[in-house]
Amino acid sequence: MPKPVYEYEYDGLLLVEYEEVSLRKPSFMILGLPDSGLVGLIAANHLVEALGLKEVGGIDFPKLLPPITVIYRGEPRTPIRFFASDNLLVVRAETPIPPAAIVSLGQLLVDYAMKRGVDYIVSIVGIAAPNRMEIEKPNVYWLASDEKAKQLAEKLEGTKLFESGYLVGPYALILKCAMRHRVSNIVVLADAYIEFPDPEAAAEVLKALSKAIGV
Numbered sequence: 392m393p394k395p396v397y398e399y400e401y402d403g404l405l406l407v408e409y410e411e412v413s414l415r416k417p418s419f420m421i422l423g424l425p426d427s428g429l430v431g432l433i434a435a436n437h438l439v440e441a442l443g444l445k446e447v448g449g450i451d452f453p454k455l456l457p458p459i460t461v462i463y464r465g466e467p468r469t470p471i472r473f474f475a476s477d478n479l480l481v482v483r484a485e486t487p488i489p490p491a492a493i494v495s496l497g498q499l500l501v502d503y504a505m506k507r508g509v510d511y512i513v514s515i516v517g518i519a520a521p522n523r524m525e526i527e528k529p530n531v532y533w534l535a536s537d538e539k540a541k542q543l544a545e546k547l548e549g550t551k552l553f554e555s556g557y558l559v560g561p562y563a564l565i566l567k568c569a570m571r572h573r574v575s576n577i578v579v580l581a582d583a584y585i586e587f588p589d590p591e592a593a594a595e596v597l598k599a600l601s602k603a604i605g606v
């Protein structure tokens, strides 16, 4: 693991940076956390590989995770990893988020976005669709935490407003924290398999985001 140049501990979570993160405006934090169809994680993986993003930090749960260490290219890594370049900061979770860490993680990610001057947090979410096998093209929806986020979300090609329902888990906490701290959070949701990875759903989300934020 690279030597950290910055460390910050919050409620049992440890955030590290391997180099100072500076993003061009407008800047975006893309969140890829495990959920239905692994939509966010697959989308985050694609962005990291396709854009050649550099690993710049991460988050560890030293007191909350089971005794698991992520290994990449022969070196240990944090379970949540940060990758950045230009105006993008991609947050990718390599393991499920411990339930005891969800509230703290939501607050920590929003605090970090504010610290690094992120303009928009973009949460990529899979919606568990029981009839996913019958859906030829996954539907993509959006939610926005404020008017600024709404104006950008309305530019997402081929999407529509998620009018009713509920979010659970880390993305729900992040949305609530973003609203409380007046940080613009766009939640992009796609129909996804309940039990299987869904790269098609991830592709539809990235297609919707491509023109609006340039990924």
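Position one of the sequence shown corresponds to residue 392 (my numbering), numbered consecutively onward.
No residue lacks a Cβ here, since even glycine has one placed at the ideal position from N, Cα and C.
Can you check which of these residues, 406, 396 and 595, is closest to residue 496 by C-alpha distance? 406
Counted within 10 angstroms of its Cβ, other Cβ atoms place residue 571 as buried (16 or more) or exposed: Residue 571 is classed as exposed because its beta carbon has fewer than 16 other beta carbons within 10 Å across all chains shown.
With a threshold of 6 angstroms on Cβ separation, who are the neighbours of residue 398 within its own chain once the five nearest residues in sequence on each side are excluded? 407
How many whole angstroms separate the CB atoms of residue 428 and residue 584, which I take to be in contact at a CB cut-off of 8 angstroms? 5 angstroms
What residues match up with residue 582 in a beta bridge as DSSP calls it? 518
For residue 587, which residues does DSSP report across the bridge? According to DSSP, residue 587 shares a beta bridge with no other residue.
In whole angstroms, give me the CA-to-CA distance for residue 501 and residue 512. 8 angstroms
For residue 555, report the span of its beta strand (DSSP E) as first-last. Element bounds for residue 555: n/a, residue is neither H nor E.
Taking the alpha carbon of residue 467 as the reference point, which residue from 393, 597, 507 and 580 has its own alpha carbon closest? 393
Could you have a look at residue 445 and say whether DSSP puts it in helix, strand or coil? strand
Shortest alpha-carbon distance to residue 451 belongs to which of 442, 476 and 461? 461
What do you get for residue 418, buried or exposed, if any count of 16 or more other CB atoms within 10 angstroms of its CB means buried? buried
Output the boundary residues of the beta strand (DSSP E) element that contains residue 548. Here residue 548 belongs to no beta strand (DSSP E), and DSSP marks it neither H nor E.
Less than 8 angstroms separating the beta-carbons of residue 424 and residue 432? Yes; because the gap between Cβ atoms is below 8 angstroms, this pair is in contact.
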